[in-house]
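Participant:
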Amino acid sequence: MKKNILILFAALWTANFSFAADIHVKTFRYAGPFALQQPLMVDSVNLSDKKFSVESLLDTPVNLDLAASGTPFSGAIVPGGNQRYNLNLLGFTLSNTGYAKATIRVGKLKHYELYVDGAKSAGNTLTLLPRTHNIVIKYLVQKGQRDSLDVTVSSDQSAAITVNDAQRMFSLDCVSDGKYVRGVALSYSGRYLKTLYCTTLAGGKAQWKTRISEVKTGRTIADTYDYVYWMPKTDAYYYTRQGNGGRLLVVVDVPGGRERVIAEKLPEGNFTMSPTADYVVIQKYNEGPKEDKEVYQILSPEDRQPGWRDRTSLERFDLRTGLIQPLTFGYHNVGLLDISHDGRYILFMTSRERYMQRPTSLRTLYRLDLNTMRADTLIKDDGFISDAKFSPDGRQILVIGSPECLGGIGKNVPEGRIPNAYDRQLYVLTIADRQVKPLTKFFKPSVNQALWSKADGKIYFTADDRDFIHLFQADAKTGRIDQIVQPEDLVTHLSMADGAPLLVFNGEGASNADRVYTVNTTRRQVTLVEDMNQSILKGVEIGTCKAWNFVNSRGDTICGRYYLPPHLDPNKKYPLIVNYYGGCSPTSRNFETRYPHHAYAALGYVVYVLQPSGAVGFGQEFSSRHVNTAGDGVADDIIEGTKRFVAEHPYVNGKKIGCIGASYGGFMTQYLQTKTDIFAAAISHAGISDHTSYWGEGYWGYSYSEVSMAGSYPWTRKDLYVDHSPLFNADKIHTPLLFLHGTSDTNVPIGESIQMFTALKLLGRPTAFVAVEGEDHWIMDYRKRVKWQNTIFAWFAKWLKNDPAWWNDMYREKPL
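Residue numbers (mature numbering (1 follows the signal peptide of the UniProt record, and there is no 0)): -20 to -1, 1 to 796.
So, in structure tokens, the structure goes:
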């Protein structure tokens, strides 16, 4: 009996406690020696009345990065030097897959300092966030001095710590820091490429730069910190700069680099260069009427938005004479959409509100003849169009809009079903007879960006195709649509050369960062121009991403994918994190995402991402399920998919499943907890808890509800607005639920989290609420985003790994 008690005691002890263990660092990278001289003693003491000490030479700055590229060293005696004083560097890496406190002991070195990730450590005890850390020992030895080396790392989380891994862990800085492509564009002939880069430094400072290069050779022609744009019909670019009398418009020839000023006193405002390069159209800002700042009238729901009363109008600026011709007059907003190839016509759109009928916002499309100032109304009071462009010959218009635009000619849903207004379609309108051809009525992907090539007359567009964004070519005459096969999951920025059958795009994927490609549209030849991924992920180890689809109980194929930790052990059990949006857009395969899935996997989670009913990119019928369902179907898909995924993947711990979503996905997180108990932890960022309060208080609450609750209102559909709101079902929630919200969120007001958090506190349920001061719907500030992301990691570690240390350190209990 006594023996059994001892065995039980030992089992309980090892199950709940971790033993500190020493990790001996055997190998290093060495840089040095760096010879130092004792300074001239002008005085016997310094300003602090202290005498010179040899140890003070340790403060001498030296490039710590030299250690990482130094020579391998594994001896017992540290390298020294032949000068009187010698500064040396020893470096190694330390990776920890969980939050840890560790002590680094540097035995038998007399004069040394410890640096972690470039920062001097105040002591030898460190708090280590999960990632790969660069450790540098900077030490000082005198000529002839022989110090032995004994470096150990001790931690109660030693099982999660390794030293000198061949590759570093994937962590948040892999997507928050570094150099990324933010735009690409081809010159008129297609010979030259403009690439806009943004480099984010550790700490958040951003540096923008534009490079002009030769497409064929990749040779850099020019680098500039100005925002530049290609001139029409020539290989030259332009930019603006301030002159004595106002803005100057400067043109730069490529490749010569000769600059010339083609216009002075350019009016303020955004502008578009005409294809004929003899005028620009200015988007003029007009300030609206002001109210008393303390007691004021709100004229409409939109009047709560800063700047809503301000309006834009159009004016033409002649580059030769400087004459400014007003093109529009009035109090409605006017937006320029395109200029015809011959420069004679402009295409613009106005908008107006009507509150008593869906859609409440109506748009009218005009073609204005700049020679006669006569305007033709092409589309009148259509609330479902979003963009339009001229065909190369100016006789047709390419329209982007929802299935309900243009009288519903592109609608393809079952009878009585309302389409999803975010499922965007392509239409061709012939100006002469106003005939409309729906190009994508039977095409499942949802259109993003579209260009009508002046070189070959074809339409090129990107579209959400399931959770991919693919590139397509359409023939306006025949209606034929073909996919242009290219190697990336997502095609992002897209540009075409006007004078050649060539386009350029940059793309990324679930497991790779930016790459830039050109496409010869005649031969469908895709050529890699630049691979940013090589530098962004250099030396970084990531797990694998695999597709996993299932057929739900309704017979639908639900698309998904999952991410695995590096070095997955199929005999172990891993906690699972389920991520979804559940709204209109698929949870995309972006490498730079709000939730960097590989970063979760690197911490030892399996991550399952699925695209439930209602998402665009799967056809109009599938996306229409978002309308007037208030989460039904979506929640069922997530619950069923999660159960099936766990059943088919034996290395997943079915008792430790977390879920996370934002915006509509935040609502879905809350709603799921009212319908199931399969989750051990949940996180709602900027989630909707009450459809009625969101409908009335969010800046776009009622207008978004025109999509999700089309034709339904709080006073007509209590079953949707009340019965499907998590707040009115709060008593069903028992899952530990974390609320995250920016205090300045104008889309989903922070009250949506406050009221749900209050409900769970009154019910005595496990919950927490973390607000991010000054942030809107997205957490954009670099420093705040890091803490926001670490909050997510810490919450999951607490509930899915039974490790509350990180959470307790970030949010210590307070005796209040």
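Cβ atoms here follow ideal geometry from the backbone N, Cα and C, with glycine treated the same way.
From a predicted model like this one, the values you see are computed outputs, not experimental measurements.
Between which two residues does the beta strand (DSSP E) harbouring Gly722 extend?
Facilitator: Leu717 to Gly722
Participant: By alpha-carbon positions, which one of Ile304, Arg240 and Asp233 ends up nearest to Val260?
Facilitator: Ile304
Participant: Should Glu274 be labelled buried (16 or more other beta-carbon atoms within 10 Å of its own) or exposed?
Facilitator: exposed
Participant: With DSSP as the reference, identify every bridge partner of Cys178, one or two as the case may be.
Facilitator: Tyr160 and Trp188
Participant: Would a C-beta distance cut-off of 8 angstroms place Gly563 and Gly645 closer than the cut-off?
Facilitator: yes
Participant: Going by DSSP, name the residue or residues bridged to Asn76.
Facilitator: Arg111 and Ile141
Participant: Looking only at its chain, what residues have a beta carbon closer than 6 angstroms to the beta carbon of Glu35, apart from the 5 residues adjacent to it on each side?
Facilitator: His91
Participant: Please name the residue, chosen from Lys552, Tyr674, Trp786 and Pro716, that lies closest to Tyr701 on a Cα-to-Cα basis.
Facilitator: Tyr674
Participant: With the cut-off set at 8 angstroms, would you say Thr112 and Asp145 are in Cβ contact?
Facilitator: yes
Participant: Per DSSP, what are the beta-bridge partners of Met329 in this structure?
Facilitator: Gly315 and Leu345
Participant: Assuming Val133 and Ile141 make a contact with CB atoms under 8 angstroms, what is their CB distance in whole Å?
Facilitator: 6 angstroms
Participant: Considering only the beta carbon of each residue, do Val161 and Val58 sit closer than 8 angstroms?
Facilitator: No, they are not a contact pair.
Participant: Roughly how many whole angstroms lie between the Cα atoms of Gly584 and Phe776?
Facilitator: Approximately 11 angstroms between the Cα atoms of the pair.
Participant: Output the residue ranges of the beta strand (DSSP E) runs that lie fully inside the region 373 to 455 and measure 3 residues or longer, sorted by chain position.
Facilitator: 376 to 381, 405 to 410, 416 to 418, 426 to 432, 439 to 445 and 448 to 454
Participant: In this structure, does DSSP put Leu780 in helix, strand or coil?
Facilitator: It is helical.
Participant: Looking only at its own chain, which residues have a Cβ that is under 7 angstroms from the Cβ of Ala(-10), when we skip the five neighbours before and after it?
Facilitator: Caution applies to Ala(-10), whose pLDDT of 37 falls short of 50 and renders its modelled position unreliable; the value that the coordinates give is listed next. Here the set comprises nothing.
Participant: Candidates Tyr560, Leu431, Pro706 and His578: which alpha carbon is nearest Tyr594's?
Facilitator: The question names Tyr, but residue 594 is Gly in the sequence shown. Closest by alpha carbon: Tyr560.
Participant: What residue range does the beta strand (DSSP E) around Glu510 cover?
Facilitator: Looking at the DSSP string, the run of the beta strand (DSSP E) that includes Glu510 is Gln505 to Asp511.
Participant: Would you check if there are 3 or more beta carbon pairs closer than 8 angstroms linking the region 163 to 170 to the region 89 to 109?
Facilitator: Verdict: no, contact absent.
Participant: Using the C-alpha atoms, what's the distance from Phe659 back to Ala748?
Facilitator: 16 angstroms
Participant: Near Lys369, which residues of its chain fall below 8 angstroms by C-beta distance, leaving aside the five closest residues on each side in sequence?
Facilitator: Leu317, Asp318, Leu327, Ile377, Leu378, Ala430, Leu431 and Trp432
Participant: When you compare only the Cα positions, how much space is there between Val728 and Gly678?
Facilitator: 5 angstroms
Participant: Looking at the secondary structure, which residues open and close the beta strand (DSSP E) in which Met736 lies?
Facilitator: Careful: Met736 lies outside any beta strand (DSSP E), inside the alpha helix (DSSP H) at Gly731 to Leu743.
Participant: Taking DSSP as the reference, what is the three-state secondary structure of Cys154?
Facilitator: helix
Participant: Identify every run of the beta strand (DSSP E) within the region 661 to 726, keeping only runs that are complete inside it and at least 3 residues long; order them along the chain.
Facilitator: 661 to 665 and 717 to 722
Participant: Would Leu307 and Leu299 qualify as a contact pair, given that the criterion is a beta-carbon distance under 8 angstroms?
Facilitator: no
Participant: Excluding the five sequence neighbours on either side, which residues of its own chain have a C-beta within less than 8 angstroms of the C-beta of Asn529, listed in chain order?
Facilitator: Thr537, Ile538, Cys539 and Gly540
Participant: Provide the residue(s) that pair with Arg541 in DSSP beta bridges, ordered along the chain.
Facilitator: Note: Arg541 sits in a beta bridge opposite Ala527 and Val589.
Participant: Just confirm the distance between the C-beta atoms of Leu470 and Arg569, as a whole number of angstroms; I'd bet it's less than 8 angstroms.
Facilitator: 6 angstroms
Participant: Using only alpha-carbon positions, find the residue among Asp703, Asp97 and Asp373 that is nearest to Val116.
Facilitator: Asp97
Participant: Can you tell which of Asn633, Ala666 and Val314 has its C-alpha closest to the C-alpha of Ser724?
Facilitator: Ala666
Participant: Can you give the beta carbon distance from Pro399 to Gln600, rounded, assuming they're within the 8 angstroms contact cut?
Facilitator: 5 angstroms
Participant: Could you compute how far the alpha carbon of Ala642 sits from the alpha carbon of Lys6?
Facilitator: 45 angstroms
Participant: Would you list the residues sitting across from Asp362 in a DSSP beta bridge?
Facilitator: According to DSSP, Asp362 bridges with Arg343.
Participant: Once the 5 residues before and after Lys31 are set aside, which same chain residues still bring their CB inside 6 angstroms of it?
Facilitator: Val25
Participant: What residues in its chain sit with their C-beta under 7 angstroms from that of Ala739, if we drop five residues either side in the sequence?
Facilitator: Leu707 and Ala710
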